Structures are given as structure tokens and as C-alpha cells.
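**Student:**
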Amino acid sequence: MNPQVRNIAELDRVIHEPGRLMVVALLFAVERADFLYLQTETGLNKGTLSSHLSRLEEEGYVEVTKGYRGKVPQTLLCLTPAGRKAFEQYRKKMRAAL
Amino acid sequence: MNQIDSLLERPKAYCNIDGVSELSVGVMTLTFALIQWVQVHTTRNSAWHKSTWFIFMGMVAIIHYGSKAIKEHITYPRTGYVEYPKSTQRLSAPLAAAIAVVIVAGLSVAVRSYWDLSMPVSFMGLLFAVIYARGFARTVAWKWAMFGILAAGSLVIAVLPVDVMGILAKDSWVPGVLSARATGVFWLTLMLSGVTFLVSGAITFWLYLRHTQAPAQ
Chain L
1 MNPQVRNIAE
11 LDRVIHEPGR
21 LMVVALLFAV
31 ERADFLYLQT
41 ETGLNKGTLS
51 SHLSRLEEEG
61 YVEVTKGYRG
71 KVPQTLLCLT
81 PAGRKAFEQY
91 RKKMRAAL
Chain Y
1 MNQIDSLLER
11 PKAYCNIDGV
21 SELSVGVMTL
31 TFALIQWVQV
41 HTTRNSAWHK
51 STWFIFMGMV
61 AIIHYGSKAI
71 KEHITYPRTG
81 YVEYPKSTQR
91 LSAPLAAAIA
101 VVIVAGLSVA
111 VRSYWDLSMP
121 VSFMGLLFAV
131 IYARGFARTV
141 AWKWAMFGIL
151 AAGSLVIAVL
161 PVDVMGILAK
171 DSWVPGVLSA
181 RATGVFWLTL
191 MLSGVTFLVS
201 GAITFWLYLR
211 HTQAPAQ
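Residue numbers (my numbering), protein chains in the order written: chain L, 1 to 98; chain Y, 1 to 217.
1. Looking at the unbroken alpha helix (DSSP H) that takes in residue 34 of chain L, where does it start and where does it end?
2. Who are residue 63 of chain L's beta bridge partners in DSSP?
3. Can a CB atom of chain Y be found closer than 9 angstroms to the CB of residue 88 of chain L?
4. Could you tell me whether the Cβ atoms of residue 11 of chain Y and residue 96 of chain L are closer together than 9 angstroms?
5. Who are the near neighbours of residue 51 of chain Y in its chain, counting only those whose CB is closer than 8 angstroms to its CB and skipping five residues on each side?
6. Are the beta-carbon atoms of residue 184 of chain Y and residue 169 of chain Y separated by less than 9 angstroms?
7. Tell me the start and end of each unbroken alpha helix (DSSP H) in the region 145-192 of chain Y that is at least 4 residues and wholly inside, in chain order.
8. Below 8 angstroms on the Cβ atoms is my guess for residue 55 of chain Y versus residue 35 of chain Y; work out the distance and round it to an integer in Å.
9. How would you call residue 48 of chain Y, buried or exposed, if buried means at least 16 neighbouring beta carbons within 10 angstroms?
10. Hey, does residue 5 of chain L have any beta-carbon neighbour from chain Y nearer than 9 angstroms?
11. Run through the DSSP bridge pairs and tell me what residue 83 of chain Y is partnered with.
12. Taking CB distances under 9 angstroms as the criterion, tell me whether residue 80 of chain Y reaches chain L.
13. Let me confirm a value: residue 142 of chain Y is counted as buried when at least 16 other C-beta atoms fall within 10 Å, else exposed. Which label applies?
Written as C-alpha cells, this is what we have:
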């Protein structure tokens, strides 16, 4: 198989979905961010964003912490080491494929 | 790939989405202008001359608590909370401190050696313009107009005649020790840069308030 084609075939499909890719890329650049920030930056609605986050959490790429900021409920999200590694691999393969 | 790279840059730009960074630089620069004014126009033994440390501490408190209050009560409830990696925070603080130490040490050496600082100080405004362009103007188109004002203003200050620049230091102890022109250029540049950063930050803050609102709970 052509190496470029192989790189495309080996892309992580969990990250490759556009909505999840936006979430992972934004979280990669920060230590932690809350749900509202991701919603503002991605433009996704609550339901869609929640389902992407659940998928990423299921895969062990994102860690979700629920808490409060003052009296307001807050959902904090961060990439796990596995999530960071997976995103770095994804970028590497994308660069090689393009 | 470019789109992914631009996504990776977005959290950095988010830091100044409300204009707080520009407002902080503006307040800091105008405070330094005030400190310089007080130092130039008071005798060395007066209480005002010695009060500059308190003005400096007041500035630090205003910037720290003011930024925190805006972020906590306006930015986070409207567009969300972001925590930046500790590694960048750890690196940037010592780097800023090191640069400040080098500048202060350089200025001290220059003053003690009676070097004429008029020329290098004349172009200090361009340094502020570059900092503004790199730090803030890159992200928003209208900020290039502010950059233009800052750069053009700095050049005008650099070519103003000695008599005009010396007015600031008139009737003060400065002419005996420092170049009156350098003192005038330094003060005017601080004022111009401070006002530009403050206006730019205020516009950014106003636009932010206008285009965002806290989501219904």
C-alpha cells in the first residue's frame, strides 16, 4: 500500500470527526477549559457537544470534572495523557498524508 | 492542517478577548508616565518623590484585582473559563522579570555614565508599536489602525525639536543630571503608548460586551 494512503487509513477515527477534532485541538492548547468555552469556540449546540465529549471520554481521551464556580455549576474538561498522545499522532499522520 | 494550527492558536487569543491584557498594559504604562512626572517635578527629598513605590504597588493591585474581577464576573460567565498550561506561566514570568532587570540595569549604567539617551529613547515608541502589533493587532483588523497611530505618533515624537521636548523637564532638577530631551521623549512616548493601549482595550471590551451575553441558566 502507498505510504500516504496507509497514513490516511490509519488516522484515528475518534479524533478525525470534525466536531471532536475541534474539541481535542482546543483542549490540546490549554490545561483545562469549561463546557461553555468549548461551546463558544466550536459553535456546536449543547447536545452535539455533549455527545462528542461522551465519545471522547469513553475512549479515555478527555477527563470530565463536574463542580461549581461560586454557586454556578461548571463542567471542566481536560485532555488525558492518552488524548494528548493520540492528537499528536493524528497531526503527525495528517502531515505525512497531505 | 492550517485550520488545526489556527484552532491551536485560539486559546491564546482568548486570553485578550475582553481587552483586559491591553487595559493592563495601558494602566501600567500610564502609571510609569505618572511616576516619571512625579519624579521629575518633585525634589529628591520630598515625600512625593519617595511615594513612587506606593504608586507602583497601587498599579500592581489595580491590574491584578481588576483583571481578576473582570474575568470572574464578566468573561467566564459569558464565554467560558480557560486555564492555561503551568509550563507557559512558569516560563513567561521569569522571562518578563529577566527582560525588566536587563532594561533597568542598562538604563542605570547609561545614566551613571552620562550617556546621551536621546536617540535610543526616541525610538522606544516603535518598540511599543511592535509589541502591540505582535501581541494584539494580528488577531483583529481594526487594531492595525491603532498600530498605525502608535507607530506614526512615535515617529512624530522622535523628530520633535529639542525646545518642545525640554518643556517637561523645565524648572526641574533633570537638566543638571539627564538630557531634557530624553526625559521629554520618554514621558511623551509612555503617554502615547499608554493611551493607545487603554483606548484599544476599552474598544475591545465594549465590543465584547456588545456581542456576548451570559447564557440563560
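A virtual CB, placed ideally from N, CA and C, is assigned to each residue, including glycine.
As the structure is a prediction and not an experimental result, all values here were calculated from the model.
**Tutor:** Taking the geometry as given:
1. Indexing the first sequence from 1 puts residue 34 of chain L at position 34. First-last for residue 34 of chain L: 32-34, but that is the beta strand (DSSP E), not the alpha helix (DSSP H).
2. Your numbering for residue 63 of chain L matches position 63 in the first sequence. The partner list for residue 63 of chain L (beta bridge, DSSP) reads L:78.
3. Working through the first sequence from its first residue, we reach residue 88 of chain L at position 88. Closer than 9 angstroms: no.
4. Here the question's residue 11 of chain Y lines up with position 11 in the second sequence. Here the question's residue 96 of chain L lines up with position 96 in the first sequence. Contact: no.
5. For this step, residue 51 of chain Y is matched to residue 51 along the second sequence. The answer, listed in chain order, is 38.
6. On the second sequence, position 184 is the one that residue 184 of chain Y refers to. On the second sequence, position 169 is the one that residue 169 of chain Y refers to. Against a cut-off of 9 angstroms, the Cβ pair of residue 169 of chain Y and residue 184 of chain Y comes out as a contact.
7. 162-166 and 174-177
8. By 1-based counting over the second sequence, the position of residue 55 of chain Y is 55. By 1-based counting over the second sequence, the position of residue 35 of chain Y is 35. With a Cβ gap of about 6 angstroms, residue 55 of chain Y and residue 35 of chain Y count as contacting.
9. As a working note, residue 48 of chain Y is residue 48 in the second sequence. The residue is exposed, with fewer than 16 neighbouring Cβ atoms inside 10 Å.
10. Mapped onto the first sequence, residue 5 of chain L falls at position 5. Chain Y, which has no Cβ nearer than 9 angstroms to the Cβ of residue 5 of chain L, makes this no.
11. In the second sequence, counting from the first residue as 1, residue 83 of chain Y sits at position 83. DSSP output for residue 83 of chain Y lists L:32 as bridge partner(s).
12. Residue 80 of chain Y sits at position 80 when you count from the first residue of the second sequence. At least one chain L Cβ lies under 9 angstroms of residue 80 of chain Y.
13. One-based indexing of the second sequence puts residue 142 of chain Y at position 142. Classification of residue 142 of chain Y: exposed, given that the 10 Å Cβ count is below 16.
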